[in-house]
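A.B. asks:
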Amino acid sequence: MASARQYKRDEGVPWPVLVDDLAGTVHQSYGNMSDPVYLIDVAGRVSFYGMWTDAATLRQAIDELLAQGGRGVAAGGIDQRPHLVASFFDGWRGVSRGGIGGVLDYELGVPGGATLTFLGEQTKPLLRPLALRTTPLPMAAKLGLGAGLVAGAVLGVRWLRRGD
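For the sequence shown, the working numbering assigns the number 5 to the initial residue and increments by one for each residue that follows.
1. My understanding is that A79 touches F52, with C-beta atoms under 8 Å, so please give their C-beta distance in whole angstroms.
2. Give the DSSP-derived three-state secondary structure of G102 in the structure shown.
3. By a C-beta neighbour count over all protein chains shown, 10 Å radius and 16 as the cutoff for buried, is V158 buried or exposed?
4. Contact between the stretch 88-98 and the stretch 124-134 is defined here as three or more beta-carbon pairs at a separation below 8 Å; is this criterion met?
5. Is L147 helix, strand or coil by DSSP?
6. Could you give the distance in angstroms between the alpha-carbon of L141 and the alpha-carbon of G148?
7. How about V89 and S100: do their beta carbons lie closer than 8 Å?
8. If you count every other CB in all the chains shown that lies within 10 Å of the CB of L112, and 16 or more means buried, which is it?
9. Check G54 in the structure and name its three-state DSSP category.
10. Taking just the CA atoms, how far does Y110 sit from A118?
11. So the beta strand (DSSP E) V41 belongs to, where does it begin and stop?
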C-alpha cells in the first residue's frame with residue numbers, strides 16, 4: 005500500500021487508485037492488456053475502457069462521464085488506439101521504478117522500448133507540448149503538423165537525390 009501512496013504522490017493522481025493482489029485478480033477479471041484504463045461509473049459499470057492509458061483520451065472520457073451525471077458510456081466506451089508517443093515520452097518514471105530488472109524486462113519484451121522511453125524522457129522538455137497534452141490537439145494543429153512533416157519529407161528526398 006505504501007507504494008500505491010507514493011505513486012499517487014509522485015504522479016499527482018487525484019483519484020482513488022485500486023491496488024490489485026499479486027495474482028492480478030482484478031486485472032484478469034477485466035482483461036489481459038498490460039496498460040489499460042477503466043473508468044467506472046457511479047453504478048459500478050465500466051463506462052470507458054482504453055487499451056492504453058492516455059491522459060488526453062482519459063480526460064475526454066472523464067469530462068463526458070461527469071457531464072452525464074456519472075452514469076453511462078463515455079467517449080464511445082472504448083479506445084483501441086495504441087498511444088505510443090505519450091508512452092515513450094512519459095514512461096521512464098514507471099519503467100525505472102522497476103529497477104534494472106524492470107528496464108531489462110521492458111527492453112526484452114519490446115525491443116528498443118526501454119531505450120526509446122529513456123531518450124523520450126531526455127527530450128521531454130522540448131516535446132512536451134506535443135507529446136504530453138491533457139487535451140487533444142485542435143484539428144488545425146494536426147493538419148499543420150502533418151503538412152510540415154510531408155514538406156520535410158519531400159525536402160529530405162530532394163536533398164538525398166541531389167547527391168546522385
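C-beta: ideal position from N, C-alpha, C; glycine also.
All values derive from a computational prediction rather than experimental measurement.
C.D. replies: On the basis of the supplied data:
1. Indeed they touch by this definition, with Cβ atoms about 5 Å apart.
2. The answer is coil: DSSP assigns G102 none of H, G, I, E or B.
3. V158 should be labelled exposed.
4. Result yes; three or more Cβ-Cβ pairs closer than 8 Å.
5. Three-state result, L147: helix.
6. So the two alpha carbons sit approximately 11 Å from each other.
7. Judged by their CB atoms, V89 and S100 are not nearer to each other than the 8 Å cut-off.
8. L112 is classed as exposed because its beta carbon has fewer than 16 other beta carbons within 10 Å across all chains shown.
9. In this structure, G54 counts as strand in the three-state DSSP scheme.
10. Rounded to whole angstroms, A118 to Y110 spans 6 Å at the Cα level.
11. For V41, the enclosing beta strand (DSSP E) covers residues 41-44.
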